[in-house]
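Chemist: Let me begin by handing over the structure; questions about it come next.
Below, the structure written as structure tokens:
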């Protein structure tokens with residue numbers, strides 16, 4: 057029986073990738089802001105219609121670069137407990153304290169009505185997450201940030217291709233970060249990006265990602281956040297296929313919607329959001345039900361994944377624990393079903409029949 061995993065990376069036709077690789081062999085430049093990387097940055101910036109776009113090593117480095125470029129090296133950063141661990145890790149690596157605010161119940165993004173109560177004299181920034189590609193309440197979050205003089209860094213790792221009120225979802229905040237990991241709908245095998253509002257911050261971020269120096273002139277403490285030409289080559293080969301990738305993912309999601317109607321809970325998509333179909337999360341009644349479904353799926357060689365578990369406010373290495381009951385509850389009973397362009401109707405039927413059978 058063929059195995060079905062939660063994701064299967066899209067690979068462009070091999071000849072298209074090889075054409076990009078040929079350019080690398082001709083140029084003999086493998087890294088250090090090579091021509092393929094610069095071309096990819098320009099094309100992605102135009103695709104998102106943003107002013108400053110920086111392609112970097114991965115989505116976690118992107119978050120750390122954003123914090124550093126905005127001079128957030130200590131103090132508190134308000135964030136969500138419902139995300140992948142990299143959101144919290146980036147804050148801790150900057151020697152800042154993550155302050156967790158619980159999520160709202162509709163699409164599991166940070167609850168803006170609870171943010172202001174968490175602001176203290178030590179708060180430096182807010183780091184929300186556009187979880188699963190759904191939009192945070194960007195208007196309320198920006199109002200709070202403006203009132204208290206805070207920076208806003210969006211972890212938009214899931215949000216590439218999502219458009220909110222006519223703007224790329226990645227265009228909100230002081231900096232938005234993206235992930236181009238192989239599991240994402242647009243990938244460069246490994247990779248990430250920063251979308252930066254302010255030109256001065258953008259120049260600083262660019263310098264930080266290149267060790268903090270320009271030729272022989274050293275300006276500040278930096279890190280290696282550069283990406284290679286080989287990764288950029290994959291991005292250039294994948295990018296032309298993006299419309300068909302999103303369309304195919306939409307087809308899978310709509311098929312799931314029809315077959316699972318009434319059987320599982322689903323997050324709500326905002327009316328003004330053009331969704332990117334990044335994931336297909338489902339919510340069960342309780343953790344026991346989730347585990348029963350997972351066991352049934354595994355017996356059929358189908359492997360879903362618990363996105364996200366555990367709730368990050370419960371991580372064992374945190375010095376202080378903050379209760380986030382809604383996040384803790386949702387984390388215990390939410391999972392993502394397999395979703396990728398090549399997923400066939402008979403596979404979707406096999407998955408949904410197994411899920412519904414386990415719920416009887």
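Numbering (our numbering), first residue to last: 57 to 416. For every residue, glycine included, the Cβ atom is placed at its ideal position computed from N, Cα and C.
(1) The alpha helix (DSSP H) with residue 312 in it runs from where to where?
(2) According to DSSP, residue 134 sits in a beta bridge with which residue or residues?
(3) Here's the rule I'm using: 16 or more other beta-carbon atoms within 10 Å means buried, otherwise exposed. How should residue 124 be labelled?
(4) For residue 266, does the three-state DSSP call read helix, strand or coil?
(5) Since residue 320 and residue 308 are thought to touch, with beta carbons under 8 Å apart, how far apart are those beta carbons, to the nearest angstrom?
(6) Give a yes or no on whether the C-beta atoms belonging to residue 264 and residue 126 are separated by under 8 Å.
(7) Please go through the same chain and pick out, in chain order, the residues whose beta-carbon is closer than 7 Å to the beta-carbon of residue 87, but skip the five residues on each side of it.
(8) Under the three-state reduction of DSSP, which class applies to residue 80: helix, strand or coil?
(9) Beta-carbon separation of residue 248 and residue 133 under 8 Å?
(10) Whose C-alpha, out of 181, 189, 318 and 274, is nearest the C-alpha of residue 200?
(11) So, is residue 416 buried or exposed, given that buried needs 16 or more other C-beta atoms within 10 angstroms?
(12) Short of 7 Å in beta carbon distance, which residues of its chain neighbour residue 93, apart from the five on each side in sequence? Order them along the chain.
(13) Please tell me whether residue 352 and residue 413 are closer than 8 Å, where the distance is taken between their beta carbons.
(14) Could you pull the start and end residues of the alpha helix (DSSP H) that residue 391 belongs to?
(15) Could you give the first and the last residue of the continuous beta strand (DSSP E) run that contains residue 251?
(16) Within the chosen definition, does the region 214-234 reach the region 184-192 through at least 3 CB pairs nearer than 8 Å?
(17) So residue 243 is in the alpha helix (DSSP H); what residue range does that whole segment cover?
(18) Are the region 226-237 and the region 328-346 in contact at 8 Å, needing three or more beta carbon pairs?
(19) Helix, strand or coil: which one does DSSP assign to residue 395?
(20) Taking the CB atoms as reference points, tell me whether residue 268 and residue 277 lie closer together than 8 Å.
(21) Give me the residue from 293, 262 and 407 with the minimum Cα distance to residue 279.
(22) For residue 316 versus residue 179, is the C-beta spacing smaller than 8 Å?
(23) Is residue 276 helix, strand or coil by DSSP?
(24) Beta carbon of residue 152, beta carbon of residue 117: below 8 Å?
(25) Let me know if residue 405 comes out buried or exposed under the rule of 16 or more other beta-carbons within 10 Å of its beta-carbon.
(26) Contact between the region 97-107 and the region 142-151: three or more CB pairs below 8 Å?
(27) Would you mind working out which of 396, 391, 400 and 293 sits nearest residue 139, comparing C-alpha positions?
Modeler: To lay it out plainly:
(1) Your numbering for residue 312 matches position 256 in the chain shown. Counting along the chain, the alpha helix (DSSP H) containing residue 312 begins and ends at 298-316.
(2) Locating residue 134 in the chain shown gives position 78, counting from the first residue. Answer by DSSP bridge pairing, in chain order: 155 and 182.
(3) Indexing the chain shown from 1 puts residue 124 at position 68. Residue 124 comes out buried.
(4) Working through the chain shown from its first residue, we reach residue 266 at position 210. Strand at residue 266.
(5) Here residue 320 refers to the residue found at position 264 of the chain shown. Here residue 308 refers to the residue found at position 252 of the chain shown. Their Cβ separation, rounded to whole angstroms, is 15 Å, which puts residue 320 and residue 308 out of contact at 8 Å.
(6) Residue 264 sits at position 208 when you count from the first residue of the chain shown. Residue 126 sits at position 70 when you count from the first residue of the chain shown. The answer is no: Cβ separation not under 8 Å.
(7) Taking the chain shown and counting its residues from 1, one reaches residue 87 at position 31. The residues are 282, 284 and 285.
(8) Translated into the one-based positions of the chain shown, residue 80 becomes position 24. Here residue 80 sits in helix by DSSP.
(9) In the chain shown, residue 248 corresponds to position 192, counting from 1. In the chain shown, residue 133 corresponds to position 77, counting from 1. Taking 8 Å as the Cβ cut-off, residue 248 and residue 133 do not qualify as a contacting pair.
(10) Position 144 of the chain shown, counted from the start, is the residue given in the question as residue 200. It is 181.
(11) The sequence position of residue 416 within the chain shown is 360, counting from 1. Under this definition residue 416 is an exposed residue.
(12) In the chain shown, the residue the question calls residue 93 occupies position 37. Closer than 7 Å at Cβ, skipping near neighbours: 111, 283, 285 and 288.
(13) Taking the chain shown and counting its residues from 1, the one referred to as residue 352 is at position 296. Taking the chain shown and counting its residues from 1, the one referred to as residue 413 is at position 357. Yes, the pair counts as a contact, with Cβ atoms nearer than the cut-off.
(14) Here residue 391 corresponds to residue number 335 of the chain shown, with the count starting at 1. It is not in any alpha helix (DSSP H) - residue 391 instead sits in the beta strand (DSSP E) that spans 390-392.
(15) In the chain shown, counting from the first residue as 1, residue 251 sits at position 195. Its beta strand (DSSP E) spans residues 248-252.
(16) yes
(17) Taking the chain shown and counting its residues from 1, one reaches residue 243 at position 187. No alpha helix (DSSP H) holds residue 243; DSSP gives it neither H nor E.
(18) no
(19) Numbered from its first residue, the chain shown carries residue 395 at position 339. Coil at residue 395, not helix or strand.
(20) Position 212 of the chain shown, counted from the start, is the residue given in the question as residue 268. Position 221 of the chain shown, counted from the start, is the residue given in the question as residue 277. Yes; because the gap between Cβ atoms is below 8 Å, this pair is in contact.
(21) Residue 279 sits at position 223 when you count from the first residue of the chain shown. Answer by Cα proximity: 262.
(22) Position 260 of the chain shown holds residue 316. Position 123 of the chain shown holds residue 179. Not a contact, by the Cβ cut-off of 8 Å.
(23) Taking the chain shown and counting its residues from 1, one reaches residue 276 at position 220. Three-state DSSP puts residue 276 in coil, outside helix and strand.
(24) Walking along the chain shown from the start, residue 152 turns up at place 96. Walking along the chain shown from the start, residue 117 turns up at place 61. The answer is no: Cβ separation not under 8 Å.
(25) As a first step, residue 405 must be located in the chain shown, where it is residue number 349. So residue 405 ends up on the exposed side.
(26) no
(27) By one-based count along the chain shown, residue 139 stands at place 83. Looking at the Cα atoms, 391 is the closest of the given residues.
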